[in-house]
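Student: Below are the structure tokens for one structure; questions will follow.
In our numbering, the protein residues as written are 2 to 242.
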């Protein structure tokens with residue numbers, strides 16, 4: 002515990018060392034603690050208070066058809082909108098839970114402007130949160146690639162969003178050997194603080210899905226806000242629902 006301590010004298014006492022269950026004590030994996038500090042842990046699907054949707058709605062069937070459609074004919078991003086956001090979030094939570102049980106969930110981020118945790122409505126914490134979850138997901142090869150990058154240069158955590166995406170998601174994805182598909186759920190995008198930040202999320206998702214051999218698919222839920230509709234309709238990679 003005190004392997005690097007110098008000029009220190011300790012007399013008696015009991016010391017307890019706490020570690021995160023998903024992060025080991027190796028020097029490279031300690032880099033994940035930096036991600037942990039910058040992550041919104043309350044944004045994960047299984048931390049949400051609203052119950053998942055239990056009825057088989059047309060939206061759920063459409064999501065399932067989209068998720069498992071042939072790679073050649075599918076669009077990698079599904080936008081779920083139009084219904085009340087509470088229903089969209091319930092559907093998103095159910096889909097995330099189902100994919101997690103099947104080993105197909107890569108990550109999730111549920112934005113909330115009403116959360117007691119300010120990190121949950123901020124774009125600042127989106128990429129570190131997704132990167133941390135991806136490192137703990139079934140994507141073989143992502144974790145060691147991310148650890149190597151952060152061990153060599155931890156600065157991307159404090160860089161602008163495009164740099165974070167490049168260094169902490171796109172570059173580690175090049176080492177992934179799992180074919181997928183794996184799902185990332187982004188819920189209540191309209192509750193991300195600032196319209197310009199909401200549009201930035203869409204721009205960065207478009208970068209990710211355009212990468213060749215990318216095993217990730219995205220579900221985005223939001224209200225049918227005009228600025229989001231204009232932006233999303235301009236992206237040909239999106240499946241509208």
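Every residue, glycine too, gets a C-beta built ideally from N, C-alpha and C.
#1: Does the beta carbon of residue 104 come closer than 8 Å to any beta carbon on chain D?
#2: Per DSSP, what are the beta-bridge partners of residue 218 in this structure?
#3: Would residue 163 and residue 205 qualify as a contact pair, given that the criterion is a beta-carbon distance under 8 Å?
#4: Kindly indicate which residue of 202, 220 and 210 has the alpha-carbon position closest to the one of residue 232.
#5: Does residue 189 come out as helix, strand or coil in the three-state DSSP assignment?
#6: Thinking C-beta only, is residue 193 closer than 8 Å to residue 89?
#7: Under 8 Å between the Cβ atoms of residue 129 and residue 36?
#8: If you follow the beta strand (DSSP E) that residue 81 is in, where does it begin and where does it stop?
#9: Terminal residues of the continuous beta strand (DSSP E) containing residue 109?
#10: Looking at C-alpha atoms only, which residue of 170, 124 and 188 is the closest neighbour of residue 135?
#11: Between residue 46 and residue 111, is the Cβ-Cβ spacing less than 8 Å?
Tutor: So, from the data block:
#1: In the structure shown, chain D does not exist; there is a single protein chain.
#2: Indexing the chain shown from 1 puts residue 218 at position 217. According to DSSP, which records beta bridges pairwise, residue 218 is partnered with 184.
#3: Position 162 of the chain shown, counted from the first residue, corresponds to residue 163. Position 204 of the chain shown, counted from the first residue, corresponds to residue 205. Contact flag set, yes.
#4: Here residue 232 is taken as the residue at index 231 of the chain shown, counted from 1. The shortest C-alpha separation from residue 232 is found at 202.
#5: As a first step, residue 189 must be located in the chain shown, where it is residue number 188. Note: residue 189 maps to coil in three-state DSSP.
#6: Looking up residue 89 in the chain shown gives position 88. Looking up residue 193 in the chain shown gives position 192. Contact: no.
#7: In the chain shown, residue 129 corresponds to position 128, counting from 1. In the chain shown, residue 36 corresponds to position 35, counting from 1. Result yes, Cβ atoms of residue 129 and residue 36 sit closer than 8 Å.
#8: The residue given as residue 81 occupies position 80 in the chain shown. 78-81 is the extent of the beta strand (DSSP E) around residue 81.
#9: Indexing the chain shown from 1 puts residue 109 at position 108. First-last of the beta strand (DSSP E) with residue 109: 106-111.
#10: Here residue 135 corresponds to residue number 134 of the chain shown, with the count starting at 1. Measuring from the Cα of residue 135, the nearest candidate turns out to be 170.
#11: On the chain shown, residue 46 is found 45 positions in, with the first residue counted as 1. On the chain shown, residue 111 is found 110 positions in, with the first residue counted as 1. Yes; because the gap between Cβ atoms is below 8 Å, this pair is in contact.
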